[in-house]
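Data block below; observations after.
Residue numbers (my numbering), protein chains in the order written: chain A, 1 to 365; chain B, 366 to 730.
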C-alpha cells in the first residue's frame, strides 16, 4: 500500500484477538456478550464478531441501528435514552430487527405505549455514579414510577436495569477500576432485588471496557456491553487496562517539516484525524498520541519524551528529544497510537488493514 | 423542516453578511482577499464568496484543493507545508488550476524543482510566534537558504512570505490581538525588506480571523487569508472578535432527559457532532457551547449559568440553573452555539439552511 496521507491502519489480527478474548471471557463467565459497535461502526468488523458467535449488539444511535439492521443484525440495543422525535424510524426498525430501548422516566414509557407499532424490550437506565444519564441508583421515587409504567405498558416489556459505569474511565489504578465497578454492581443488584419479587426475572446489563478488561468476576451480571476493547487505545493503555500490543489502530502520518530549533517535527495529521481528546503526559502536558518509528528495519515505540503534543485542524506537532531528531526526515511515515480510538475512527470514516484492504464505516448522517 | 436529530443549521444571511463585510474591508484596504475555505469546506458556500467577487482561495490540504478545483476555482493556495509524498496529485492539480505552495526548507524546493511538471508560485512559510510551522522570522540562515533555492529554481516562482499568526487566538483582549498582529507584521516586513532588493517584489500574506476582524490598518500586507470568520463561533465571540449575531452556525439538539437532582439536561449532540474543543466558562469549567431556547415565541440566549458542560460520543450535558429547569422538556429542540465552528462543521459533513435546504460539504477522504 502506497500511503501518502494520514491513514488509519487497522490490524485485523490484533482486533480479532481482542474480540475473541472478550467473547471467550464472557462465555466462560456465563454472561451474555452484547458488544457496543459505536467504536468500530463497521459492518465488516461486525463480521469478525459474528465469527466469534456474537448475535446481539449495542449501538449508540437510531441511525447506527439502521446501518447494522440493514447488515442483518437481528437483536440491537440502542444504548441512548429514547429520543421521542425519532419514533418513526424506531417503528420502521422494529419490523426488521428486535430493538431494545432505554427509558428513564414514565413520561417516555407512556409515549412509547401510545406510539410504538409493536412491543419492545425496555431497560431502565440507571446512573451508578457516572452522572451522565439515568435514574440515580437510590432514587426510588423515580425508579418506582418508571418501573411500574414499563411493567404496566402493553408495548414495553420490562427487561431489567442497565448502566454505563463510565466512572471507571477516570480511575487512577486497576484497584480503583474494580472498586468503582463493584460499587456499581452492588447498586444494580439492589435494584434487581427490590423489584424482582414484583416484576419477575429482571436482568442487569453493564460492562465498560476498563472493568470488563480487568475484572474476572461478573457474578450477578447478565449482559456485558463494552465497545472500546475492540481497538483499545492510548487512554486504556495509560490506565493499565491493555498493553500497547492490544491496540489495533494506528494513524500513519507523513512528516512535512522538521524544526530543530524547537525540537519539533510537523506531521500531516491533525484534529480532523485524531480528535482533540488527550491524556496527560509524564511531563504534565497534553498528549494526543505516542510515536512509533522504524529504526534499522524494526518498529520502535518512542518513550514519552517524544509524543504528539499539539493538534490544529490538519497539523500535528511531535515534541521530540534533541537526541532523537536525527531519526526524522521530510517524507517519512510515522505511526501514532491515538488517545481515543472511538473518536479517531469516527473522524476518519474508514480503515485500511495492514494488507491494504479498505474497510468502510457507517456513512455520515 | 422536521428536525429529529442533531442538525447543524447555517444561517445564509448571517454567513453572506460575514463574507461581504470582510470582502469589502479587504477591497477598501486594497489588500487581495484569499479566504481560507477549510472552515466551510463547501462548494455551495464557495459560491457565496464568488458573489462577492472572490476568485483566489486558500485550502488546507491537497484533497481540499482537488475538491474546489473540480468546482472551477482557478487560483488555490494550499496553506500546508508541501507533503512530498503527494507530488503526483499536486502535478495533476496544476493542469486544472493555478496552485500555490508553501515551502520552508531548501530540500523541499529542490524536490519540487526535480519533480514538478510545471512551475508554481511558492511562499516561504514564516513562523512569527505561533510556533507551529515555518522558519523563525529572524532565523536568517534558514531563510537565506530557502529563499535562494526558491528564487533559483526553474519550477518555483518565489512569491513572498506567508505566515499564520495563530497566536492571536490565545490573546486575552482586543489590544493583545492587535499587538500580536503588528508584531507579526513587523517581522514580515523585515523579511520583505531584507530580500526585496535581491529578488524583486516579494509579497506578504497573513490574516487570521481575530486580527482581520478587529484591525483596520493592513498597510504592508498584500494578501489576507482568514477562514473562520465565514461562520465565527463561541471562541471568537468570547475573544470579543464578533458578536453572537455574527455566528452563522448553530447545532439544533433534541432533549432526551431531564435530571432535576443534578440540574442537568441531556441532549442528543456529543463529541461526534461538536468536537471536544472547549473554552473556559465564567465558572472556570470547560464549556462546549451556549444554549438558545424559545420562550414565549422568542429565541433567547441563556446566560453562562446555563451551558453545554460535557460531551461524550453521542451525549451532551447541559448544566442548567435550577430556576431554568422548568423551561426544558423531553422532545424539545434547543439550539447551541458551537465553540469551534471549523471542527464542528468538519464532523457534521453537511448543513441545513434555515429554510431547510441541505448543503453538502467535501466528502470525507
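All C-beta atoms in this analysis are idealised placements derived from N, C-alpha and C, irrespective of residue type, glycine included.
{"query": "At least 3 beta-carbon pairs within less than 8 Å: the region 423-431 of chain B vs the region 614-622 of chain B", "result": "no"}
{"query": "Residue 711 of chain B CB to nearest heavy atom of the ligand MN below 7 Å", "result": "This structure lacks the ligand MN, and indeed carries no ligand of any kind."}
{"query": "Residue 436 of chain B versus B/677, B/462 and B/450, residue with shortest Cα-Cα distance", "result": "B/462"}
{"query": "Below-8 Å beta-carbon distance, residue 498 of chain B vs any chain A residue", "result": "yes"}
{"query": "Proximity winner among B/728, B/584 and B/683, relative to residue 394 of chain B (alpha-carbon distances)", "result": "B/584"}
{"query": "Neighbourhood of residue 320 of chain A by C-beta distance below 6 Å, restricted to the same chain and skipping five residues each side", "result": "263, 265 and 306"}
{"query": "Cβ separation of residue 490 of chain B and residue 499 of chain B, assumed to be a contact under 8 Å, to the nearest whole Å", "result": "4 Å"}
{"query": "Interfacial residues, the region 340-356 of chain A to chain B, with Cβ spacing under 8 Å", "result": "342, 343, 346, 347, 348, 349 and 350"}
{"query": "C-alpha gap between residue 13 of chain A and residue 300 of chain A, whole angstroms", "result": "19 Å"}
{"query": "Cross-strand partners of residue 259 of chain A (DSSP beta bridge)", "result": "A/264"}
{"query": "The beta strand (DSSP E) enclosing residue 472 of chain B, as first and last residue numbers", "result": "No beta strand (DSSP E) holds residue 472 of chain B; the alpha helix (DSSP H) holding it covers 471-480."}
{"query": "Cβ neighbour criterion (16 or more within 10 Å) applied to residue 640 of chain B", "result": "buried"}
{"query": "Within-8 Å CB hit, residue 284 of chain A to chain B", "result": "no"}
{"query": "Cutoff 8 Å; reference residue 110 of chain A; Cβ partners in own chain excluding five residues on either side", "result": "149 and 153"}
{"query": "Anticipated Cβ contact below 8 Å, residue 714 of chain B with residue 192 of chain A, distance rounded", "result": "That belief does not hold up - the Cβ atoms of residue 714 of chain B and residue 192 of chain A are roughly 42 Å apart, past 8 Å."}
{"query": "Collapsed DSSP secondary structure at residue 7 of chain A in the structure displayed", "result": "strand"}
{"query": "Near-chain B residues of the region 301-326 of chain A - C-beta to any C-beta below 8 Å", "result": "310, 312, 313, 314, 315 and 317"}
{"query": "Contacts that residue 268 of chain A makes with chain D (C-beta to C-beta distance below 8 Å)", "result": "No chain D is part of this structure, whose protein chains are labelled A and B."}
{"query": "Inter-stretch contact (C-beta, 8 Å, three-pair minimum) for the region 173-184 of chain A and the region 210-230 of chain A", "result": "yes"}
{"query": "Contact set between residue 626 of chain B and chain A, taken where Cβ atoms lie within less than 8 Å", "result": "136 and 139"}
{"query": "4-residue-minimum alpha helix (DSSP H) runs that sit fully inside the region 574-653 of chain B, ordered along the chain", "result": "574-579, 599-603 and 636-639"}
{"query": "For residue 702 of chain B, the first and last residue of its enclosing beta strand (DSSP E)", "result": "698-703"}
{"query": "Spatially closest choice to residue 486 of chain B from B/646, B/726, B/614 and B/524, by CA coordinates", "result": "B/524"}
{"query": "Beta carbon of residue 87 of chain A nearer than 8 Å to that of residue 65 of chain A", "result": "no"}
{"query": "Cβ distance (whole Å) where residue 373 of chain B is taken to contact residue 614 of chain B below 8 Å", "result": "6 Å"}
{"query": "Beta-ladder partner(s) of residue 141 of chain A, from DSSP", "result": "The partner list for residue 141 of chain A (beta bridge, DSSP) is empty, contrary to what the question assumes."}
{"query": "Residues that residue 42 of chain A contacts on chain B, provided the C-beta gap is smaller than 9 Å", "result": "Ordered by position in chain B, no residue passes the 9 Å Cβ test against residue 42 of chain A, which lies about 14 Å from the chain."}
{"query": "Distance, residue 16 of chain A Cα to residue 706 of chain B Cα", "result": "37 Å"}
{"query": "Runs of beta strand (DSSP E) wholly within the region 427-466 of chain B (minimum 3 residues, chain order)", "result": "440-446"}
{"query": "Neighbourhood of residue 723 of chain B by C-beta, 7 Å cutoff - its chain only, sequence neighbours within 5 removed", "result": "715 and 717"}
{"query": "CB contact check: residue 276 of chain A to chain B, cutoff 8 Å", "result": "yes"}
{"query": "Selected residue, minimal CA-CA separation from residue 259 of chain A, among B/669, B/492 and B/636", "result": "B/492"}
{"query": "Environment of residue 553 of chain B [buried if 16+ CB atoms lie within 10 Å]", "result": "buried"}
{"query": "Rounded straight-line distance, which links the Cα of residue 466 of chain B to that of residue 442 of chain B", "result": "6 Å"}
{"query": "Residues that DSSP places opposite residue 351 of chain A in a beta bridge", "result": "A/359"}
{"query": "C-alpha distance - residue 151 of chain A paired with residue 157 of chain A, whole-angstrom precision", "result": "6 Å"}
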